[in-house]
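Right, one structure below, let's go through it.
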Amino acid sequence: MFLSTSLAVISSFLISTVAAHGGVTSYEIAGTKYTGWSPYNSPSGQTSIERPYSTYDPILSPTASTISCNNNGQPSASQLTANVKAGDSITAFWSQWTHKEGPVTVYMASCGGSCASANSNSLKWFKIAETGLKSGTVGNGVWGNTDIMSTLKYTTTIPKALADGEYLIRHELLALHQANTPQFYPECAQLKVTGGGGKTPSGSYLVSLPGAFSMSDPGVNINIYDANTASLTTYKVPGPGMYCRATIRSKKVSNYIVEP
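If you read the sequence shown in UniProt numbering, its first letter stands for residue 1, the second for the next number, and so on.
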């Protein structure tokens, strides 16, 4: 009886631990749906545009070797690539998410050719979308993650200005609910962009992952419950500036399709 009770408790704990976090599980690109990676199933036989990852658990170090795509940087054995036109919308979906505090960001990186053997840790990344603190205060406001918790999806647009080619796209949720303990949840997918404007990001728009974040960043190492911090009405989303200029409505970035 004791053994069965203990196993039940352990099983319940593991299930609740998984349920407390999340990862991207599917995509929709210009109306076409794509199955994502299933981290708790065997990788054998899985085919997806999403790069493989093994857990819904967070990455706790901003300099972790897995920070680019929540894996070792490599594609799966049967990796797929989705075709997308510059200017098309892409929506990432989560099956679960329970942390309302923190920003959502979307990055892309050119593979410089085929993404078939591209290591995500070796690429240069640029940000195409972000939603941080939309309204209210840091301690009691509406965040990008609040929307994810409510809708379990995030839609952005592939920049019209981009040069054609193969890219990785990276969706990241940064959870800030634990004081001075940031939780990163990144996942990536492979895209082939066509019909673009021939432009390539450069300079300060490009960052390395790992390398773009550190615990010295105020938007990373933050205690949202500290009295002075909790009352703030602004928050700087970590990482570089966005490659695409955007239309700003209040504190919400609402349009990502304006060419730089």
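In this text, a Cβ means the ideal position worked out from N, Cα and C, and glycines have one as well.
What residue range is occupied by the uninterrupted beta strand (DSSP E) comprising residue i?
i: A109; result: 104-110
i: I90; result: 89-94
i: I169; result: 165-175
i: A212; result: It is not in any beta strand (DSSP E) - A212 carries neither H nor E in the DSSP assignment.
i: T194; result: 183-194
i: N83; result: 82-85
Just to check my reading of the structure: residue i and residue j have Cβ atoms closer than 8 Å, yes? What is that Cβ distance to the nearest angstrom?
i: P58; j: F184; result: 6 Å
i: V237; j: P103; result: 5 Å
i: S76; j: P39; result: With a Cβ gap of about 12 Å, S76 and P39 do not count as contacting.
i: F83; j: K192; result: Inspection of the sequence shows that residue 83 is occupied by Asn rather than by Phe. Confirmed, about 5 Å.
Using only the alpha-carbon positions, how far apart do residue i and residue j sit?
i: N70; j: T156; result: 21 Å
i: G198; j: P159; result: 11 Å
i: G195; j: A86; result: 6 Å
i: D217; j: G23; result: 24 Å
i: A92; j: L173; result: 11 Å
i: D226; j: V142; result: 17 Å
i: A30; j: S208; result: 29 Å
i: M108; j: M149; result: 23 Å
i: T137; j: L162; result: 35 Å
i: I67; j: Q96; result: 20 Å
i: T234; j: N41; result: 40 Å
i: S135; j: S78; result: 42 Å
i: A175; j: T35; result: 25 Å
i: G211; j: K127; result: 14 Å
i: I248; j: N121; result: Here the model assigns I248 a pLDDT of 34, short of 50, so the residue's position is not dependable, and the following value carries that caveat. Rounded to the nearest angstrom, the two C-alpha atoms are 31 Å apart.
i: R170; j: E28; result: 14 Å
i: I15; j: P43; result: Per-residue confidence for I15 stands at a pLDDT of 38, beneath the threshold of 50, marking its modelled position as unreliable; the derived number appears in the next sentence. Taking the straight line from one Cα to the other gives about 20 Å.
For the alpha helix (DSSP H) containing residue i, name the first residue and the last one.
i: I148; result: 144-151
i: A129; result: It is not in any alpha helix (DSSP H) - A129 instead sits in the beta strand (DSSP E) that spans 124-131.
i: N119; result: Per DSSP, N119 belongs to no alpha helix (DSSP H) and is neither H nor E.
i: N228; result: 227-230
Assign residue i to buried or exposed, taking buried as 16 or more other Cβ atoms, counted over all protein chains shown, within 10 Å of its Cβ.
i: M242; result: buried
i: L60; result: exposed
i: G45; result: exposed
i: G203; result: exposed
i: S48; result: buried
i: C244; result: buried
i: A179; result: exposed
(message) For a minimum of 3 consecutive residues, which ranges assigned as the beta strand (DSSP E) are wholly contained in the region 29-75?
(response) 32-35
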